[in-house]
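Okay, so the sequence shown: first residue is 2 according to this note's numbering, each after it adds one.
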Amino acid sequence: MLETNQEKVRETGVLFFIFGATGDLASRKLFPAIYSLFKEGKLSDKFAVIGLARRERSREQFHEDVLRSIQEFARYKASPDDPEWGRFVEHFEYMSLDINRVEAFNELNIAAERLEEQFGIAGNRLFYLALAPDLFGSVAHNLKAGGLLQTAGWHRLVIEKPFGFDLPSAEKLNKEIREVFEEHEVYRIDHYLGKEMVQNIDVIRFANAFFEPLWNNKYIANIQITLGETVGVEDRGGYYDHSGALRDMGQNHMLQMVAMMAMEPPSRLHPEDIHDEKVKVLRSLRPFTSAEDVRKHVIRGQYTEGQANGRPLPGYRSEDKVNPDSTTETYFAAKVYVDNFRWAGVPFYIRTGKRLPVKTTEVVVEFKNMPKNVYHGRKTGLEPNLLVFRVQPMEGIYIKINAKRPGSEGVIVPVAMDFCQSCQVGLNTPEAYERLLFDAARGDSTYFTRWDEVALAWQYVDQIASAWAEDASDLRMYPAGSWGPEEAQALLEQDGFHWWPVNGQQESEVVWVTNRSE
2 MLETNQEKVR ETGVLFFIFG ATGDLASRKL FPAIYSLFKE GKLSDKFAVI
52 GLARRERSRE QFHEDVLRSI QEFARYKASP DDPEWGRFVE HFEYMSLDIN
102 RVEAFNELNI AAERLEEQFG IAGNRLFYLA LAPDLFGSVA HNLKAGGLLQ
152 TAGWHRLVIE KPFGFDLPSA EKLNKEIREV FEEHEVYRID HYLGKEMVQN
202 IDVIRFANAF FEPLWNNKYI ANIQITLGET VGVEDRGGYY DHSGALRDMG
252 QNHMLQMVAM MAMEPPSRLH PEDIHDEKVK VLRSLRPFTS AEDVRKHVIR
302 GQYTEGQANG RPLPGYRSED KVNPDSTTET YFAAKVYVDN FRWAGVPFYI
352 RTGKRLPVKT TEVVVEFKNM PKNVYHGRKT GLEPNLLVFR VQPMEGIYIK
402 INAKRPGSEG VIVPVAMDFC QSCQVGLNTP EAYERLLFDA ARGDSTYFTR
452 WDEVALAWQY VDQIASAWAE DASDLRMYPA GSWGPEEAQA LLEQDGFHWW
502 PVNGQQESEV VWVTNRSE
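In structure tokens:
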């Protein structure tokens with residue numbers, strides 16, 4: 002089906018409307034993604050891109066912007082002297098647009114019809130809103146009023162997070178959008194779902210007979226999800242100080258990854274069936290009964306001055322556009338329970354933060370220990386078995402088992418089998434936005450978020466945010482460059498566990514690694 006849809010994209014074409022075309026997202030992600038799709042033949046010559054922003058730009062200036070973007074950020078490099086580049090960039094137009102004027106949308110529709118006729122596009126239009134969320138509703142209504150949805154082809158709206166600030170604001174935003182677009186036409190993007198190893202989670206789980214029978218509370222002790230950033234808030238201080246780690250990362254990326262790990266096998270590999278299973282997980286999240294319950298299961302922190310690699314790092318409250326008395330969290334860790342038959346009693350530990358020692362996204366599945374009585378009295382290092390999904394920066398799967406040390410008399414050591422996907426296929430794999438932009442163009446909503454997923458995630462996160470709003474005394478400080486507050490370690494220690502280091506490997510242990518890199 003998806004192969005057929007891919008051919009339809011090539012045969013009938015697509016017109017991309019990039020709102021916010023002079024912004025950072027368009028430059029770093031969207032233009033390079035479109036170029037990669039073109040280079041790989043996923044787009045035929047039946048496509049066009051209209052860049053839209055308030056700033057005045059000529060067509061030539063816009064083409065220069067696109068070239069710089071691709072030269073700096075794309076997997077495939079471009080040269081202005083290459084005839085292929087000229088063939089690509091002729092599909093790009095720019096228009097200065099006042100999004101509050103319906104008349105401007107009428108003019109945009111005229112330009113769109115001209116491009117569709119020029120490049121043989123059958124009225125398929127994809128509107129990508131790289132804008133502030135409070136503009137989504139008015140833009141959607143003006144697209145309709147300006148006649149941009151009156152074509153014979155399909156119309157799809159792609160919107161970036163954050164989708165609201167809490168559940169009420171998200172419901173209001175969704176109501177405004179749904180007055181214009183049907184749910185199946187709305188693609189809420191979470192770029193973490195476009196990452197190769199996140200999409201591989203379902204395949205590893207459901208396509209391997211020796212994993213699925215063990216994927217339950219009888220054999221799994223806990224699951225740990227870490228999303229670490231080494232950077233601070235950079236130039237996003239104003240936004241971040243009103244958002245924080247919980248809303249910026251927890252409501253979307255973290256809970257989506259919990260759902261991917263915990264979901265039941267879908268009856269069909271169809272987007273709606275997969276969404277249905279994820280929704281069941283989100284509905285099964287154990288609610289917090291009180292503010293005290295939140296404090297018991299959730300740790301929030303904020304980075305202070307520190308250092309990394311001998312370089313001093315400022316504290317959060319010293320960052321540009323941040324309130325000097327801010328109580329906004331830059332880190333949070335939580336113990337989450339999925340109260341269904343499969344996962345009853347298994348803690349899901351999640352943590353994310355800024356100014357951590359390592360940039361990493363990984364999921365560690367810790368299996369329950371084997372009985373130690375068989376090897377009692379011997380010098381053993383019996384460790385839990387681990388399955389680690391390494392999402393970034395290096396993609397791969399890491400498995401740790403116990404084995405006898407060669408030449409010894411029953412000395413057990415951990416042995417790691419490391420499939421390094423980045424080593425095998427190189428770092429030149431499709432970037433998340435390439436995959437998601439192409440999925441939206443061919444109508445595959447699998448790795449986008451449906452409204453009921455968004456609503457349930459906000460419902461869960463709002464319980465935490467509400468408790469935090471009542472009392473900021475539980476905000477813990479951690480030095481920039483560290484792994485967060487000490488209380489985050491205690492969160493696991495009280496259950497007899499600990500956070501596994503990156504790759505699930507103890508720094509002091511000797512591990513033989515099988516690494517396929519040919």
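Every residue gets a Cβ at the ideal spot worked out from N, C-alpha and C, and that includes glycine.
Secondary structure within the stretch 96-123: not one fully enclosed beta strand (DSSP E) run of 3 or more consecutive residues is present. As computed with DSSP, Lys401 is found in a beta bridge with Leu387, Ala417.
Pairwise C-beta distances place the stretch 12-24 in contact with the stretch 116-127, as three or more of them are shorter than 8 angstroms. Looking only at Gln257, Thr328, Leu492, the smallest Cα-Cα distance to Arg451 is reached by Gln257. Contact between the stretch 240-260 and the stretch 456-473 is present: three or more C-beta pairs spanning the two stretches fall below 8 angstroms.
For Glu363, the three-state secondary structure derived from DSSP is strand. Val50 carries a strand assignment under DSSP once its states are collapsed to helix, strand and coil. About 6 angstroms separates the Cβ atoms of Pro486 and Ile300, confirming a contact at the 8 angstroms cut-off. Thr13 sits in a helix when the DSSP states are folded into three classes.
Membership of Gln62 in the alpha helix (DSSP H) is indicated by the continuous run 60-74. Here the stretch 47-58 makes contact with the stretch 98-106; the two share three or more CB pairs at distances below 8 angstroms. Pairing Ser37 with Val295, the inter-Cα distance amounts to about 45 angstroms. In this chain, the beta strand (DSSP E) harbouring Gly302 covers 299-305.
Inclusion of Leu31 and Ala131 in the CB contact set at 8 angstroms is warranted, their separation being smaller than that value. Looking at the DSSP output, Pro480 sits in a beta bridge with Thr305. At a Cβ-Cβ threshold of 8 angstroms, Ala75 and Leu438 do not count as neighbours. DSSP places Tyr193 within a helical segment (H, G or I) once states are collapsed to three. The stretch 203-220 and the stretch 174-194 do not touch, with fewer than three beta-carbon pairs separated by less than 8 angstroms. In this structure, Thr305 places its C-beta atom within 8 angstroms of the C-beta atom of Ala481. Counting C-beta pairs closer than 8 angstroms gives three or more between the stretch 235-242 and the stretch 314-322, which meets the contact rule. Between the C-alpha atoms of Glu235 and Pro315 there is a straight-line separation of about 11 angstroms. At the C-beta level, Ser446 and Pro272 come within 8 angstroms of one another.
Minimum Cα-Cα distance from Lys360 among the listed residues Met395, Glu384, Leu44, Phe390 corresponds to Met395. Classified as exposed, Ala208 has fewer than 16 neighbouring CB atoms from the shown chains inside 10 Å of its CB. Using a 10 angstroms sphere on the CB of Lys43, the tally of other CB atoms reaches 16 or more, which defines it as buried.
DSSP places Phe342 outside both helix and strand once states are collapsed to three, so it counts as coil.
In the three-state reduction of the DSSP assignment, Arg312 falls in the strand class, which pools E and B.
Leu109 and Phe128 do not touch by the CB rule: their CB atoms are close to 11 angstroms apart, not below 8 angstroms. In this structure, Leu387 lies near Val366, with their beta-carbon atoms less than 8 angstroms apart.
When C-alpha distances from Val414 are compared across Gln422, Phe420, Cys421, Asn403, the shortest belongs to Asn403. One Cα belongs to Ser467, the other to His254, and the distance between them is close to 20 angstroms.
Counted as a single uninterrupted DSSP element, the alpha helix (DSSP H) harbouring Leu493 occupies residues 487-494.
Around the Cβ of Phe164, a 10 Å sphere holds 16 or more other Cβ atoms; the residue is buried.
Nearest to Lys196 by C-alpha distance, out of His92, Ala260, Tyr448, is Tyr448.
Look at Tyr129 here: in three-state DSSP terms it is strand. DSSP places Gly354 inside the beta strand (DSSP E), whose first and last residues are 348-354.
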